[in-house]
Each structure stands twice: as structure tokens, then as C-alpha cells.
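Q:
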Amino acid sequence: MKSDTRKRARGRLDERLQALQPIDRFRAPPKGWVRALRDALGMTGAQLGTRIGVRPQTVESIEKSEAAGTIQLNTLRRAAEALDCTLVYALVPNSSLDAVVEARARKIATRELQRVAHTMRLEAQGTENADFESRIQAYIRDRLSERDLWNEA
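Under this note's numbering, the sequence shown is numbered contiguously, ending at residue 299.
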């Protein structure tokens with residue numbers, strides 16, 4: 147995928163995911179969503195179990211695994227359907243996707259340029275630190291624009 151196509155794709159994803167911000171609104175209740183919804187609806191574990199097609203002990207296990215963060219999505223989807231809900235699943239970046247890509251490129255460029263600067267200082271050919279920022283920007287533009295930024299540590 148070319149860089150301009152990737153940039154447009156990041157922009158579209160950022161727009162779609164913006165509606166989910168701030169993410170704090172979606173923090174699960176302490177005992178999990180299944181338990182919170184079941185309690186709010188006045189439904190017993192046995193009643194939910196009947197709707198899902200499992201024993202009441204399994205409902206308790208489902209609620210505990212959700213609260214612990216170990217529940218499988220398929221199980222959570224079945225519980226949601228039994229509660230007449232829709233499971234919504236999303237990965238929401240902490241910043242814009244362009245900012246994530248820029249930070250990664252900056253990290254690679256800084257590491258590479260510091261390595262070169264160190265070698266040059268050892269050879270008494272050091273350069274001024276004043277233009278380091280412009281060298282980082284040029285490195286990103288010239289060497290990293292089409293490079294895979296995620297193969298390196």
C-alpha cells in the first residue's frame with residue numbers, strides 16, 4: 147500500500163474511531179457488563195443460563211471471566227445476545243494514527259542519526275546539534291517514507 151493510500155486510510159479510521167473518545171466512557175463496571183446488565187434487568191443467573199443454554203454455574207463462570215478479562219469474544223457475544231444486546235468490539239488508538247506513525251518514524255530516525263553522530267564524533271567529525279531536528283525530518287522524509295516501520299524494535 148502506498149504512503150498516500152495509507153495516510154488516507156489512517157484518516158478514515160481516525161474519523162470513525164473519534165466517536166469512541168473519550169474511552170473512559172466505556173470502562174466496564176467492576177463486576178463486568180454481563181453482571182451489570184443482568185442485575186439491571188432483574189434477571190437471575192439461572193434465567194440468563196436458560197437463555198444462553200448453559201447451567202447457572204456456567205453463567206457465574208462467564209461473569210467472573212469477563213470481570214477478570216479472560217472471557218472469549220464468542221462467549222461474550224452469546225451472553226450479549228441472550229441479554230438482547232449487541233457486542234461492540236473496537237481497538238481505539240490513544241492518539242491519532244498519524245501521530246503513532248510519526249512517533250515511530252521519529253524513534254527510528256533518532257536512533258539511526260545518533261548512531262551516525264557517535265561514529266562521526268569518534269572520528270573527530272562531529273556535527274552541530276543545532277540542526278539535529280532538521281536532520282531528523284529530512285531522514286524521515288528521505289529514508290523512512292516508504293519503509294516498513296514495524297519490523298525493527
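Here a beta-carbon is modelled for each residue, glycine too, at the ideal position from N, C-alpha and C. Quick caveat, the model's predicted, so the values are computed rather than measured.
Give the DSSP-derived three-state secondary structure of Thr216 in the structure shown.
A: The count along the sequence shown starts at 1 and reaches residue 216 at position 70. Correct three-state label for Thr216: coil.
Q: Quick one, are the C-beta atoms of Arg224 and Ile198 less than 8 Å apart?
A: Your numbering for residue 224 matches position 78 in the sequence shown. Your numbering for residue 198 matches position 52 in the sequence shown. Yes.
Q: Identify whether Asp150 lies in helix, strand or coil by the three-state DSSP scheme.
A: Translated into the one-based positions of the sequence shown, residue 150 becomes position 4. Note: Asp150 maps to helix in three-state DSSP.
Q: If I measure Cβ to Cβ from Leu166 and keep anything under 8 Å in the same chain, skipping five residues before and after, which residues do I get?
A: Taking the first residue of the sequence shown as 1, we reach residue 166 at position 20. Once the five neighbours on either side are set aside, the close Cβ partners of Leu166 are Phe172, Ala236, Val238.
Q: Skipping 5 residues on each side, what residues in its chain have a beta carbon closer than 8 Å to that of Tyr285?
A: Working through the sequence shown from its first residue, we reach residue 285 at position 139. Cβ within range, chain order: Ala255, Glu258, Leu259.
Q: What span of residues does the alpha helix (DSSP H) with Arg197 cover, start to end?
A: Start at 1 with the first residue of the sequence shown, and residue 197 comes out as number 51. Start and end: 191 to 198.
Q: What is the rounded straight-line gap between the Cα of Gly188 and the Cα of Gln164?
A: Position 42 of the sequence shown holds residue 188. Position 18 of the sequence shown holds residue 164. Each residue's Cα considered, the two are about 34 Å apart.
Q: Straight-line CA distance for Val303 to Arg261?
A: The structure shown does not extend to residue 303, since the chain spans only 147 to 299, so no value can be given for it.
Q: Near Asn195, what residues of its chain come up, given a Cβ to Cβ distance below 7 Å and the 5 sequence neighbours on each side ignored?
A: By 1-based counting over the sequence shown, the position of residue 195 is 49. The sequence given here has Gly at residue 195, not Asn. The answer, listed in chain order, is Arg201, Pro202, Thr204, Val205.
Q: Can you give me the start and stop residues for the alpha helix (DSSP H) that Tyr285 sits inside?
A: As a working mapping, residue 285 is identified with position 139 in the sequence shown. Unbroken alpha helix (DSSP H) run through Tyr285: 278 to 285.
Q: Select from Ser241, Arg252, Ser280 the residue whose C-alpha is nearest the C-alpha of Glu161.
A: Sequence index remark: in the sequence shown, residue 161 carries index 15 (1-based). Selected option, being the one with the closest Cα: Ser241.
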